[in-house]
Amino acid sequence: MTRDIRSALRSAALDAAGRGWPVFPLRAPNDPIGAKKPASFFHGGARCTRQGYCRDGHQGWEELAITDPDRIGRAWSRATHNIGIACGRAGLLVIDLDQPKPGALPPKNAEAEGGFAWGADALAALCEREGGDFTAMWETRTVTTPRGGIHLYYQQPPGVRLGNTQDPERLIDTRGHGGYVLAPGSITPDGVYRLVEDLPPAPLPGWLARLLAPRPSTAVSRRPVRAAERLPAYVDAAVQGECERVATAALGAHSRVLLASSIALGQLCGAGALPPATAASDLADAARHMITNPKCDCTDREITRTITNGLRLGSTRPRRIPNRKAA
Numbered sequence: 002m003t004r005d006i007r008s009a010l011r012s013a014a015l016d017a018a019g020r021g022w023p024v025f026p027l028r029a030p031n032d033p034i035g036a037k038k039p040a041s042f043f044h045g046g047a048r049c050t051r052q053g054y055c056r057d058g059h060q061g062w063e064e065l066a067i068t069d070p071d072r073i074g075r076a077w078s079r080a081t082h083n084i085g086i087a088c089g090r091a092g093l094l095v096i097d098l099d100q101p102k103p104g105a106l107p108p109k110n111a112e113a114e115g116g117f118a119w120g121a122d123a124l125a126a127l128c129e130r131e132g133g134d135f136t137a138m139w140e141t142r143t144v145t146t147p148r149g150g151i152h153l154y155y156q157q158p159p160g161v162r163l164g165n166t167q168d169p170e171r172l173i174d175t176r177g178h179g180g181y182v183l184a185p186g187s188i189t190p191d192g193v194y195r196l197v198e199d200l201p202p203a204p205l206p207g208w209l210a211r212l213l214a215p216r217p218s219t220a221v222s223r224r225p226v227r228a229a230e231r232l233p234a235y236v237d238a239a240v241q242g243e244c245e246r247v248a249t250a251a252l253g254a255h256s257r258v259l260l261a262s263s264i265a266l267g268q269l270c271g272a273g274a275l276p277p278a279t280a281a282s283d284l285a286d287a288a289r290h291m292i293t294n295p296k297c298d299c300t301d302r303e304i305t306r307t308i309t310n311g312l313r314l315g316s317t318r319p320r321r322i323p324n325r326k327a328a
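Just add 1 to wherever you are in the sequence shown, counting from 1, and you've got the numbering used here.
Next up, the structure:
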């Protein structure tokens, strides 16, 4: 990488941070593992040793993203990095309108919804269905991607925490809490992310905020009661709560959330209040969506390892169980 490219990427990182958007280093534009992935010095929750800056809890790219110009200047001067914007911490919800990949089959519902060929057509169909203003959707900060896609930047709505969504059939994704986008100026083998509309992020339309709002999970709320268990109510509530967190974990935060919940339940196992097999089984059920999601790299083996490590780590620090007398 030339010094000019490194300098341009540093300037782009400083520009994003100057808008109040926390940024973090991605891999270099020519990295064989992938120019869109977090830099190699970030680690997942499953591999966290709880040392260094993680001694008080795992710190991933989202927690470590920064706006400090001095630190950004040093980080992007030492090595060549693409730029990730931590959308949730930046208060952003970014709509990603994709182009179909070469050789991909048309979406199954394309004909039923007007024959859309890419994400913008799908967004137009969605606006028509929900009564939204398609033209107004484009009156916001807009970035083009190297493969012909579009990123539309919006403000996160107040009072709700919007995460990530994926709809590969419609060719529309969103990035919010737990997600990131490449800042304009970032480079991949396909080209450059370019700012084409330098407007402030518009407020997210209310109809779309309602559509994207997280819904309570029904799968974990119907956790079966095993006849042999006889778990105290507060233990069962803890299991339900941690499984809910895992089941609703956003893309990009899967390993971190799963490990944290496994540690929490491991503390109950260590105290003798929860059978480890029950904790492992319920956590695995709640994490099933991480394997079935086509945009997630999680595997069954990784999930099992994360749960096992978390339960083992938590059991070394048993939770103090209150002495409850029968009523």
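Where is the CB? At the ideal position from N, CA and C, for every residue including glycine.
Query - Euclidean distance between Cα positions of Gly-89 and Gly-180 - result: Your numbering for residue 89 matches position 88 in the sequence shown. Your numbering for residue 180 matches position 179 in the sequence shown. Distance between the alpha carbons of Gly-89 and Gly-180: 7 Å.
Requested in this report: Would you kindly check if the distance between the Cβ of Leu-172 and the Cβ of Ala-123 is under 7 Å?
Outcome: Numbered from its first residue, the sequence shown carries residue 123 at position 122. Numbered from its first residue, the sequence shown carries residue 172 at position 171. Yes.
Report task. Could you tell me which of Asp-286, Ile-84, Ala-272, Thr-81 sits nearest to Ser-316, measuring between CA atoms? Result -> By one-based count along the sequence shown, residue 316 stands at place 315. Answer by Cα proximity: Ala-272.
Query raised in the report: Under a three-way DSSP split, which group does His-290 fall into?
Result: Within the sequence shown, residue 290 is the residue found at index 289, counting from 1. Three-state DSSP puts His-290 in a helix.
Query raised in the report: Are the segment 141 to 154 and the segment 183 to 197 touching, with three or more C-beta to C-beta distances below 8 Å?
Result: yes
Query raised in the report: If you compare alpha carbons, which of Arg-7, Gly-192, Pro-23, Asp-5 is closest to Gly-177?
Result: Within the sequence shown, the letter at position 176 stands for residue 177. Of the candidates Arg-7, Gly-192, Pro-23, Asp-5, the one whose C-alpha sits nearest the C-alpha of Gly-177 is Pro-23.
Query raised in the report: How close, in whole Å, do the beta carbons of Cys-299 and Ile-292 come, if the pair is a contact with beta carbons under 8 Å?
Result: The residue labelled residue 299 in the question sits at position 298 within the sequence shown. The residue labelled residue 292 in the question sits at position 291 within the sequence shown. Contact flag correct, Cβ pair sits at about 6 Å.
Query raised in the report: Cβ of His-152 within 7 Å of Cβ of Val-197?
Result: On the sequence shown, residue 152 is found 151 positions in, with the first residue counted as 1. On the sequence shown, residue 197 is found 196 positions in, with the first residue counted as 1. Cβ atoms of His-152 and Val-197: not closer than 7 Å.
**Report entry** Alpha-carbon spacing of Glu-303 relative to Ala-278, whole angstroms
**Finding:** By one-based count along the sequence shown, residue 303 stands at place 302. By one-based count along the sequence shown, residue 278 stands at place 277. Glu-303 and Ala-278: Cα-Cα distance of roughly 17 Å.
Requested in this report: Flag this pair as yes or no: are the beta carbons of Ile-264 and Leu-200 separated by less than 7 Å?
Outcome: Residue 264 sits at position 263 when you count from the first residue of the sequence shown. Residue 200 sits at position 199 when you count from the first residue of the sequence shown. The answer is no: Cβ separation not under 7 Å.
**Report entry** Coil, strand or helix - Gly-61 by DSSP
**Finding:** Along the sequence shown, one-based indexing puts residue 61 at 60. Of the three classes helix, strand and coil, the one that applies to Gly-61 here is coil, per DSSP.
Query raised in the report: What does His-152 pair with, by DSSP beta-bridge criteria?
Result: Reading the sequence shown from its first residue, position 151 is the one you call residue 152. According to DSSP, which records beta bridges pairwise, His-152 is partnered with Asp-97, Val-144.
Query - Backbone CA spacing between Arg-51 and Arg-130 [nearest angstrom] - result: For the purposes of this step, residue 51 is taken as residue 50 along the sequence shown, with counting starting at 1. For the purposes of this step, residue 130 is taken as residue 129 along the sequence shown, with counting starting at 1. Spanning the two alpha carbons is a distance of roughly 48 Å.
Query raised in the report: Just checking my contact of Arg-28 with Ala-36 at CB under 8 Å: how many whole Å lie between their CB atoms?
Result: Looking up residue 28 in the sequence shown gives position 27. Looking up residue 36 in the sequence shown gives position 35. About 6 Å separates the two Cβ atoms, so the contact holds.
Requested in this report: In angstroms with no decimal places, state the Cα-to-Cα distance between Arg-4 and Ile-84.
Outcome: In the sequence shown, counting from the first residue as 1, residue 4 sits at position 3. In the sequence shown, counting from the first residue as 1, residue 84 sits at position 83. For Arg-4 and Ile-84, the distance between alpha carbons rounds to 16 Å.
Query raised in the report: Hey, how far is the Cα of Gln-100 from the Cα of Arg-75?
Result: Along the sequence shown, read from residue 1 onward, the residue named residue 100 stands at position 99. Along the sequence shown, read from residue 1 onward, the residue named residue 75 stands at position 74. Roughly 36 Å separates the two Cα atoms.
Report task. State the DSSP-derived secondary structure class of Asp-331, mapped to helix, strand or coil. Result -> With the chain represented from 2 up to 328, any question about residue 331 goes unanswered, as that position is not in the structure.
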